[in-house]
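Undergrad: Take any residue in the sequence shown, count from 1 to its spot, add 190: that is its number in this note's numbering.
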Amino acid sequence: MALQLTTFKIAEEAALALALQVSEDLRMALASGPAGGRALLLVSGGRSPLPFFAALAQQPLPWEHIDVSLVDERSVSSGDPDSNATLVGKHLLTGAAAAARLLPLMAVVAKATDPWLWARRSAQLANANPALARPAAIVLGLGADGHTASLFPDAPQWPEAASTSRRYVALQPGQAPHARVSLSLRALAAQRVCHVWSGGAAKLDVIMRAQALAAAVADGLIDAAVLDDAGPFARLVADPHITLKVYHSQA
191 MALQLTTFKI AEEAALALAL QVSEDLRMAL ASGPAGGRAL LLVSGGRSPL PFFAALAQQP
251 LPWEHIDVSL VDERSVSSGD PDSNATLVGK HLLTGAAAAA RLLPLMAVVA KATDPWLWAR
311 RSAQLANANP ALARPAAIVL GLGADGHTAS LFPDAPQWPE AASTSRRYVA LQPGQAPHAR
371 VSLSLRALAA QRVCHVWSGG AAKLDVIMRA QALAAAVADG LIDAAVLDDA GPFARLVADP
431 HITLKVYHSQ A
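1. Quick one: give me the first and last residue of the alpha helix (DSSP H) that residue 293 is part of.
2. What are the boundary residues of the alpha helix (DSSP H) that residue 373 is part of?
3. Between which two residues does the alpha helix (DSSP H) carrying residue 348 extend?
4. Quick check on the burial criterion: 16 or more other C-beta atoms within 10 angstroms. Buried or exposed for residue 333?
5. Residue 434 by DSSP, collapsed to three states: which one?
6. At the level of alpha carbons, what is the spacing between residue 240 and residue 281?
7. From residue 336 to residue 435, what distance separates their C-alpha atoms?
8. Note down, in chain order, each residue of its chain lying with its Cβ closer than 7 Å to the Cβ of residue 279, except the 5 sequence neighbours on either side.
9. If you follow the beta strand (DSSP E) that residue 386 is in, where does it begin and where does it stop?
10. Beta-carbon separation of residue 368 and residue 266 under 8 Å?
11. Around the C-beta of residue 256, are 16 or more other C-beta atoms found within 10 angstroms, so that it is buried, or is it exposed?
12. With 16 as the cutoff for other CB atoms within 10 Å, does residue 411 come out buried or exposed?
13. Would you mind reading off the limits of the alpha helix (DSSP H) that contains residue 311?
14. According to DSSP, is residue 423 part of a helix, a strand, or is it coil?
15. In whole angstroms, what is the alpha-carbon distance linking residue 215 and residue 303?
16. Nearest-angstrom Cα distance between residue 260 and residue 233?
17. Rank 254, 245, 202, 243 by C-alpha distance to the C-alpha of residue 226 and give the top, closest one.
18. What do you get for residue 338, buried or exposed, if any count of 16 or more other CB atoms within 10 angstroms of its CB means buried?
Rendered as structure tokens:
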């Protein structure tokens, strides 16, 4: 278990610190790769990471050599306000950062395609796409219910998403709208280091409870089987193979 929690008074401070770290990750990936190579950044959508997007867009990076894609996406059309790709294009790929290449997760299909079939097909294509195979950096979000990416425990596909070796999976959450494509739990663990964007008292409580549960399991105070019923974030916190670097703003 390795959870590194850094707290900040305001979101803008957390956003800058995370942007600087992600920038370093991308530069290191480019420096260690072949000449003219590319570095891949995977981000989460939603409204909460907008300060981070704004801070990262201002960083002096060789954006023309950077690919940006998503940790998860909804089965909605391009341009839909619920589309994570649309949000990233509008709020991250601006100014100099517009030179980056956006790699959407959702496949191009006919408008009448069933959303669930669309998610399944998009997951298949994402798994077959070598450009999505080796992220230099992953930035996760965190839900107040303990989910991360689109790994919702109320989805019928959650057991598969928690155990499959495939990188991307399709899920249909029970409560949250839209069928989804998401990185699987094992794909996140295989990254070794993931950054987490968080803010507010409710999410801090999720973090602290997950950390306490993982510590109790590690110390042998409770059986590791309890993790089977824990949420995806708690499962990652308890995984000894991954380090989660949490950037949490109090406001």
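Built from N, CA and C at the ideal position, the CB exists for glycine as well.
TA: So, to answer that:
1. Your numbering for residue 293 matches position 103 in the sequence shown. First-last for residue 293: undefined, no H or E at that position.
2. Indexing the sequence shown from 1 puts residue 373 at position 183. Per DSSP, residue 373 belongs to no alpha helix (DSSP H); it is in the beta strand (DSSP E), 370-373.
3. Working through the sequence shown from its first residue, we reach residue 348 at position 158. Run containing residue 348: 348-353, per the alpha helix (DSSP H) assignment.
4. As a first step, residue 333 is located in the sequence shown; it is residue number 143 there, counting from the start. Residue 333 is buried by the Cβ-count criterion.
5. Your numbering for residue 434 matches position 244 in the sequence shown. The answer is strand: DSSP assigns residue 434 an E or B state.
6. Residue 240 sits at position 50 when you count from the first residue of the sequence shown. Residue 281 sits at position 91 when you count from the first residue of the sequence shown. If I take the Cα positions, the gap works out to 7 Å.
7. Looking up residue 336 in the sequence shown gives position 146. Looking up residue 435 in the sequence shown gives position 245. Each residue's alpha carbon lies about 16 Å from the other.
8. Position 89 of the sequence shown, counted from the start, is the residue given in the question as residue 279. 292, listed in sequence order.
9. On the sequence shown, position 196 is the one that residue 386 refers to. Per DSSP, residue 386 belongs to the beta strand (DSSP E) from 383-389.
10. Counting from 1 along the sequence shown, the entry for residue 368 is found at position 178. Counting from 1 along the sequence shown, the entry for residue 266 is found at position 76. Contact flag set, yes.
11. In the sequence shown, counting from the first residue as 1, residue 256 sits at position 66. Looking at its Cβ environment, which holds 16 or more other Cβ atoms inside 10 Å, residue 256 is buried.
12. What you label residue 411 is simply residue 221 of the sequence shown in a count that begins at 1. Classification for residue 411: exposed.
13. As a working mapping, residue 311 is identified with position 121 in the sequence shown. From DSSP, the alpha helix (DSSP H) with residue 311 extends over 305-317.
14. As a working mapping, residue 423 is identified with position 233 in the sequence shown. Helix at residue 423.
15. Position 25 of the sequence shown, counted from the start, is the residue given in the question as residue 215. Position 113 of the sequence shown, counted from the start, is the residue given in the question as residue 303. About 38 Å.
16. Counting from 1 along the sequence shown, the entry for residue 260 is found at position 70. Counting from 1 along the sequence shown, the entry for residue 233 is found at position 43. If I take the Cα positions, the gap works out to 5 Å.
17. Mapped onto the sequence shown, residue 226 falls at position 36. Checked all of 254, 245, 202, 243; the closest Cα to residue 226 is 254.
18. Against the sequence shown, residue 338 aligns to sequence position 148. Answer is buried; the Cβ neighbour count reaches 16.
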